[in-house]
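Undergrad: Provided herewith is a single structure, encoded as structure tokens, for subsequent inquiry.
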Amino acid sequence: MSSASQSTSVVSITPPDGASCWLCLEEGPDDSGAPLVRDCSCRGHSGFAHLPCRVKYAESKIKDLAKRGAHIMSNMFDGKIFEHCPNCKQEYQNDLYYDMTKAQLAFIEREFIEVDRWYLRALKRRILILDGEKEADRIEGEEISAKMLTRIDKMKNSSDPPLHVLAGVYLDIGRFNFSVGTNRCLEKAKYYLEKARDIFKTSGDRELQLMVKSIEGNIAAVEERLSGGSLPKKTESDLSDFRVRYNCLLQAFGTHDVRSIRMGSHLASGLSLANHTIEASRLLDRLVIISRRVHGSDHKETKNAELWWQRLQLRCVVWIRTDEMYQALRYENDGKSCVMVPSNLDASRNVDDEETFSVPISEILFSLGTPVMLHGLKKAAHLNGEIGDVREYCKLSDRWVVHLEDKNLKPVKVKHENLRIVFDLPDPKNLD
Numbered sequence: 001m002s003s004a005s006q007s008t009s010v011v012s013i014t015p016p017d018g019a020s021c022w023l024c025l026e027e028g029p030d031d032s033g034a035p036l037v038r039d040c041s042c043r044g045h046s047g048f049a050h051l052p053c054r055v056k057y058a059e060s061k062i063k064d065l066a067k068r069g070a071h072i073m074s075n076m077f078d079g080k081i082f083e084h085c086p087n088c089k090q091e092y093q094n095d096l097y098y099d100m101t102k103a104q105l106a107f108i109e110r111e112f113i114e115v116d117r118w119y120l121r122a123l124k125r126r127i128l129i130l131d132g133e134k135e136a137d138r139i140e141g142e143e144i145s146a147k148m149l150t151r152i153d154k155m156k157n158s159s160d161p162p163l164h165v166l167a168g169v170y171l172d173i174g175r176f177n178f179s180v181g182t183n184r185c186l187e188k189a190k191y192y193l194e195k196a197r198d199i200f201k202t203s204g205d206r207e208l209q210l211m212v213k214s215i216e217g218n219i220a221a222v223e224e225r226l227s228g229g230s231l232p233k234k235t236e237s238d239l240s241d242f243r244v245r246y247n248c249l250l251q252a253f254g255t256h257d258v259r260s261i262r263m264g265s266h267l268a269s270g271l272s273l274a275n276h277t278i279e280a281s282r283l284l285d286r287l288v289i290i291s292r293r294v295h296g297s298d299h300k301e302t303k304n305a306e307l308w309w310q311r312l313q314l315r316c317v318v319w320i321r322t323d324e325m326y327q328a329l330r331y332e333n334d335g336k337s338c339v340m341v342p343s344n345l346d347a348s349r350n351v352d353d354e355e356t357f358s359v360p361i362s363e364i365l366f367s368l369g370t371p372v373m374l375h376g377l378k379k380a381a382h383l384n385g386e387i388g389d390v391r392e393y394c395k396l397s398d399r400w401v402v403h404l405e406d407k408n409l410k411p412v413k414v415k416h417e418n419l420r421i422v423f424d425l426p427d428p429k430n431l432d
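Sequential numbering of the sequence shown, starting at 1, is according to UniProt numbering.
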């Protein structure tokens, strides 16, 4: 995510010839030098505007809400006015979203600072976009945290704030401090995350209870960092939580909404890290197609889904002669040999210049998560042709443990010679 030090003049999409600001109708930069910017789901010439024009438009809409009395019913504050494009109705991305949340907070502080929920929501949206590793964002995040706590204390003096509001403030502050990552901030993160969890636990609200598991995962990650370890691996329980949250978004907003696509990518990344490569690939296949069609190839969520999809196309193996990782490309010699290149996950392949070489399949070991197909089985011949992920290696039986894509089939232990890497996944048997 962009930091505050980055210029607001960064244009994610270069305006085509003839493009103009849909608000002031002027082409090119405005009088202050602000360029035409667009970073949403608009296409062609639509959606371009100067940042000051966007801010002025959003401010006028909020003031109009206030004139109609919406500020009295403070939960009616529509953050979409600042955070979503009025044309495509989708959320702004990257620098544009960063700048609009900053403008939103400044406006609310200037005009509606006494409207508690409007103010807390603007603070919340701003702290969520800050990058704790950036000095300017870290300082701003600490200031926002103090403002949120001060406003909560003020609300307590007049009436008890709703539990979800109180817990939400603690949760946002905790997650921000986790992103900073220093020991002092990790201790603060643990403190506030535990306060949020305890409120959710005792609330009695069924919907709020769904947050407990997610927060406990955050707390576990903080504790792991404090002990000097790496982030915990994704567990089946974590994946179940991801699936529930993804399905909730699908039901609430549909498959085309940016929030659904973003959560789908989070689910896919979790599946990938837990070695559920086939399921992650199937999900990303759908997400990429939907995001390209609805939001465009330049959209942040499209690029994110494509990046994960590309990573999952790699088939990495270990060559036992060197004990190093290589990228498997294909089989040859009737499947008796595997063609490989040195693996570099951080660089794109140069197919013209790379040197490939072939080794016997007995000299390679699968990476966990590798999609494989069962073949040559005699006692369990009915499983030949089934595909699944390699999840672990059983030293006792000298076999790979494969979790099959067909959920009606149990995991199986298979000899190395009865497995073949699946380089291109076949179409699923049952499309949902």
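Ideal Cβ placement from N, Cα and C applies to all residues, glycine included.
Predicted, not measured: the structure shown is a model, and the values here were computed from it.
Measuring CA to CA, which of E417, D389, D406 is closest to P428?
TA: D406
Undergrad: Under DSSP, the beta strand (DSSP E) around I421 begins and ends at which residues?
TA: 419-421
Undergrad: Between the C-alpha atoms of E142 and I219, what's the straight-line distance to the nearest angstrom?
TA: Whole-angstrom Cα-Cα distance: 20 Å.
Undergrad: Can you check which of these residues, D39, N408, L105, V115, is closest to C88 by C-alpha distance?
TA: D39
Undergrad: Going by C-alpha distance, which of S343, K336, S337, L307 is nearest D323?
TA: S343
Undergrad: Under a three-way DSSP split, which group does M73 fall into?
TA: The pLDDT assigned to M73 is 49, lower than 50, so where the model puts this residue is not dependable; a value taken from the coordinates is nonetheless given after this. Looking at M73 - three-state DSSP - the assignment turns out to be coil, as it is neither helix nor strand.
Undergrad: Looking at C-alpha atoms only, which residue of E133, S158, I139, I173 is the closest neighbour of residue 453?
TA: Nothing can be reported for residue 453, as the shown portion of the chain is limited to 1 through 432.
Undergrad: According to DSSP, is R399 part of a helix, a strand, or is it coil?
TA: In the three-state scheme derived from DSSP, where H, G and I count as helix and E and B as strand, R399 is classed as strand.
Undergrad: Could you tell me which residues DSSP pairs with F107 in its beta bridges?
TA: F107 is not bridged to any residue.
Undergrad: Excluding the 5 residues preceding and the 5 following R138 in the sequence, name in chain order all residues of the same chain whose CB lies nearer than 6 Å to its CB.
TA: Cβ-Cβ distances below 6 Å link R138 to G132, V180 in the same chain, with the five nearest sequence neighbours on each side left out; the list follows chain order.
Undergrad: As a quick exercise: from P360, K410, K379, L409, pick the residue whose alpha carbon is nearest that of R420.
TA: P360
Undergrad: Going by the DSSP bridge assignment, what does K357 pair with across the sheet?
TA: One point to set straight first is that residue 357 is Phe, not Lys, in the sequence displayed. In DSSP, F357 forms a bridge with M340.
Undergrad: On the DSSP letters alone, give me the boundaries of the beta strand (DSSP E) that A328 sits inside.
TA: 324-332
Undergrad: Could you check what DSSP says for C185 in three-state terms: helix, strand or coil?
TA: helix
Undergrad: Would DSSP call S41 helix, strand or coil?
TA: Here S41 sits in coil by DSSP.
Undergrad: From residue 434 to H299, what distance separates their C-alpha atoms?
TA: Residue 434 lies beyond the range of the chain shown here (1 to 432); nothing can be said about it.
Undergrad: Bridge partners of V294, per DSSP?
TA: Looking at the DSSP assignment, V294 forms no beta bridge with any residue, so it has no partner.
Undergrad: Let me make sure I understand the geometry here. Which of F253, C185, A58 has the alpha-carbon closest to that of L226?
TA: C185
Undergrad: My guess is that L166 and I152 are in contact by the Cβ rule of under 8 Å, so how many angstroms apart are they, rounded?
TA: 6 Å
Undergrad: From E279 to A66, what distance separates their C-alpha atoms?
TA: Going by C-alpha positions, E279 is about 47 Å away from A66.
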